[in-house]
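Data first, discussion second: the structure below is written as structure tokens.
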Amino acid sequence: MSFVPDDLDGASWQAIEPHMNDLRDRALSCSGCLTKFIADRSALAEIISEARARLYIDMTCQTDDEDVQKAWMDFVENVEPKLSEYSDILNRRLAGHEAVGDLPDRYDVLLKGMMTDIEIFREENIPLDTAVTKLVTEYNEICGAQTVEFDGEEKTFAQMAIYLENTDRAVREAAWRAVSERRFEDSERVSEIYDELIRIRHQIATNAGFDGYQHYMFAAMHRFDYSIEHCLEFHDSIEAVCQPLRHKTDAERKQALGVESLRPWDMGVDVKGRPPLTPFTNVQDMIDGCSRIFHSMSDELGNLFDQL
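The sequence shown begins at -14 in the working numbering and counts up one residue at a time.
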């Protein structure tokens, strides 16, 4: 019998809690108990992760739906904090077991991440994590509500992107300016959100014993194979190698377009004056086209896409 039923509501703490309590309280005395514990915990986490992903997608796509926003915030405020508490309890239960060292080598990476999570966990960071998620949600709501009146219709920013491929430079400029001006209307609150996020995230890092958020997140994201210094070196390499190439291609674009100065609205248009591609005209056309592509590669892959 499966530890987690297929119809478990991974967004409901009432549904999740009995399974969490099972993992917290079950006896771990047999040789296979630890691997079963890990497998069952993983199965539960998978269900919860999928439920969270669906709530998040709905929240970002339907910013004007109060029920959708309420469901997301209920998960953020009432489920995620409890998940954090239980996650630390279960981590310590496994890591402190006398037989954990006897687990096969394939668990080494999992255990390394678990030990790191134990080291950086601070109970006082749980409400701060919730505050961060709520600020990010507000940011998404602001961005999701941004539309412009253009070409006689109300359009989203995604719909405006096609105008930046228009061969008429005046149309491209008008589209770019319309989007930029609309973004600027929300710039004050967006800047405040950024400032609040910096403050809270720095507090999270210092609570966990780190000098700054970068170092904290490298530990939290289990980035064991490379360091911040490697990222900075990679950044410098891009600046030294890729940036000159970008300048070269920009100069070629400027010449091909025959413009005196290359502007932001000149970066998406075809330099040969060809009209924009239109692989689909609506969402259903896109879904049907992707389904055909995936099925041509593999029926199994196509069926998985169709399930989505």
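Even for Gly, the Cβ is constructed at its ideal location relative to N, Cα and C. Since the structure is predicted, the reported quantities are computational estimates derived from the model, not experimental observations.
8 Å contact criterion, which residue i and residue j should meet: CB distance rounded
| i | j | result |
| --- | --- | --- |
| Ala(-4) | Ala36 | 4 Å |
| Val(-11) | Ala28 | 5 Å |
| Ser276 | Gly287 | 6 Å |
| Phe142 | Val175 | So it is not a contact: roughly 14 Å between Cβ atoms. |
| Glu65 | Thr115 | 7 Å |
| Thr191 | Asn125 | Not confirmed; about 27 Å, so no contact. |
| Ser69 | Ile111 | 5 Å |
Separation of residue j from residue i, as counted between CA atoms
| i | j | result |
| --- | --- | --- |
| Arg186 | Gly194 | 13 Å |
| Cys128 | Glu177 | 14 Å |
| Glu51 | Thr118 | 18 Å |
| Leu149 | Glu109 | 47 Å |
| Lys239 | Glu245 | 7 Å |
| Gly17 | His82 | 13 Å |
| Glu158 | Lys67 | 49 Å |
| Arg154 | Asp251 | 7 Å |
| Phe22 | Thr263 | 51 Å |
| Ala30 | Arg11 | 17 Å |
| Asp254 | Arg167 | According to the sequence shown, residue 254 is Val rather than Asp. Each residue's Cα considered, the two are about 22 Å apart. |
| Tyr294 | Glu138 | In the structure as shown, the chain begins at -14 and stops at 293. Residue 294 is therefore absent and cannot be evaluated. |
| Leu120 | Tyr198 | 17 Å |
| Ala205 | Phe106 | 9 Å |
| Asp210 | Leu8 | 31 Å |
| Gln269 | Asp(-9) | 29 Å |
| Pro249 | Trp161 | 8 Å |
| Ile1 | Ala130 | 33 Å |
| Pro89 | His280 | 38 Å |
| Pro3 | Leu(-7) | 11 Å |
| Asp196 | Glu104 | 15 Å |
| Met5 | Ile33 | 12 Å |
| Glu214 | Gln188 | 23 Å |
Where the alpha helix (DSSP H) through residue i begins and ends
| i | result |
| --- | --- |
| Lys67 | 65 to 80 |
| Lys239 | 228 to 242 |
| Ser285 | The residue asked about is misnamed: residue 285 is Glu in this sequence, not Ser. Glu285 -> alpha helix (DSSP H) spans 284 to 292. |
| Thr20 | 18 to 46 |
| His215 | 213 to 222 |
| Arg9 | -2 to 10 |
| Phe(-12) | Run containing Phe(-12): none; DSSP gives neither H nor E here. |
| Phe203 | 198 to 205 |
Run of the beta strand (DSSP E) containing residue i, from where it starts to where it stops
| i | result |
| --- | --- |
| Glu139 | 138 to 141 |
The ligand MN heavy atom lying under 8 Å from the CB of residue i
| i | result |
| --- | --- |
| Glu139 | The model on display carries no ligand, and the ligand MN is accordingly not part of it. |
Which ranges would you report for the alpha helix (DSSP H) in the region 93 to 132 if only whole runs of at least 4 residues count?
-> Qualifying alpha helix (DSSP H) stretches, in chain order: 93 to 105, 110 to 129.
Only counting runs of 4 or more residues, tell me where the alpha helix (DSSP H) segments fall wholly within the region 130 to 196, in order along the chain.
-> 142 to 145, 154 to 170, 172 to 192
Examine the Cβ distances between the region 43 to 60 and the region 91 to 111 and report whether three or more of them are shorter than 8 Å.
-> no
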